[in-house]
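Colleague: Per my numbering, the very first residue in the sequence shown carries number 2; after that it's consecutive.
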Amino acid sequence: MSDEVDLLQRVYDRFNARDMKTVLAAMHEDVVWANGMEGGHVRGRDEVRSYWTRQWTMIDPHVEPVAFAHGPEGEVVVEVHQVVRDLNGNLLADKMVGHMFRIENGLIKRFDIRGA
Numbered sequence: 002m003s004d005e006v007d008l009l010q011r012v013y014d015r016f017n018a019r020d021m022k023t024v025l026a027a028m029h030e031d032v033v034w035a036n037g038m039e040g041g042h043v044r045g046r047d048e049v050r051s052y053w054t055r056q057w058t059m060i061d062p063h064v065e066p067v068a069f070a071h072g073p074e075g076e077v078v079v080e081v082h083q084v085v086r087d088l089n090g091n092l093l094a095d096k097m098v099g100h101m102f103r104i105e106n107g108l109i110k111r112f113d114i115r116g117a
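1) With distances taken between CB atoms, is the gap from F112 to W53 smaller than 8 Å?
2) In angstroms with no decimal places, state the Cα-to-Cα distance between N62 and R50.
3) If you draw a straight line from the C-alpha of R115 to the C-alpha of M101, how long is it?
4) Let's see if you can read the secondary structure: which residues bound the beta strand (DSSP E) around R103?
5) Would you check if there are 3 or more beta carbon pairs closer than 8 Å linking the segment 88 to 104 to the segment 38 to 45?
6) Could you check if G107 is buried or exposed, using at least 16 other CB atoms within 10 Å of its CB as the buried criterion?
7) Could you check whether V77 and E5 sit closer than 8 Å to each other, using their CB atoms as the reference points?
8) According to DSSP, simplified to helix, strand and coil, what is A68?
9) Measuring from the CB of R111, is there a heavy atom of the ligand GTP at a distance below 7 Å?
10) Please classify V67 as buried or exposed, where buried requires at least 16 other C-beta atoms within 10 Å of its C-beta.
11) Could you tell me the boundaries of the beta strand (DSSP E) in which L108 lies?
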């Protein structure tokens, strides 16, 4: 699991730095990505790019992984400390969330949010 953890730690770090190009490169071309803001999923790198572009014009999310484990179907489950602020820096949310990743051939194939 160390390769998967390394990949995801890099993805979280680059997401927090708003390095979209690097994060998108870590995804399968046909990735299925949970839309935590509007519900449902977006599909493919272009839709993820569009989703994040919209998201970052409204809120400033920061996600810090604190624990990694394998789920019952081989997915990687990440416990994440999520802090969301508005664009003026006001706190909107500070909570723990569960992220689930399917990784195939070293690329993120699917991302879900537990309970979403």
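Quick reminder that beta carbons are idealized off the backbone N, C-alpha and C, glycines included.
Modeller: To lay it out plainly:
1) Counting from one through the sequence shown, the residue named residue 112 turns up at place 111. Counting from one through the sequence shown, the residue named residue 53 turns up at place 52. Cβ atoms of F112 and W53: not closer than 8 Å.
2) On the sequence shown, residue 62 is found 61 positions in, with the first residue counted as 1. On the sequence shown, residue 50 is found 49 positions in, with the first residue counted as 1. One point to set straight first is that residue 62 is Pro, not Asn, in the sequence displayed. C-alpha separation (whole angstroms): 15 Å.
3) As a first step, residue 115 is located in the sequence shown; it is residue number 114 there, counting from the start. As a first step, residue 101 is located in the sequence shown; it is residue number 100 there, counting from the start. Distance between the alpha carbons of R115 and M101 is about 7 Å.
4) If you number the sequence shown from 1, residue 103 lands on position 102. Looking at the DSSP string, the run of the beta strand (DSSP E) that includes R103 is L92 to E105.
5) no
6) Residue mapping note: residue 107 aligns to position 106 of the sequence shown, counting from 1. So G107 counts as exposed.
7) Sequence index remark: in the sequence shown, residue 5 carries index 4 (1-based). Sequence index remark: in the sequence shown, residue 77 carries index 76 (1-based). Yes, Cβ-Cβ distance for E5 and V77 is below 8 Å.
8) Locating residue 68 in the sequence shown gives position 67, where the first residue counts as 1. In this structure, A68 counts as strand in the three-state DSSP scheme.
9) The model depicted lacks the ligand GTP and carries no ligand whatsoever.
10) On the sequence shown, position 66 is the one that residue 67 refers to. Result: exposed.
11) In the sequence shown, counting from the first residue as 1, residue 108 sits at position 107. Run containing L108: L108 to I114, per the beta strand (DSSP E) assignment.
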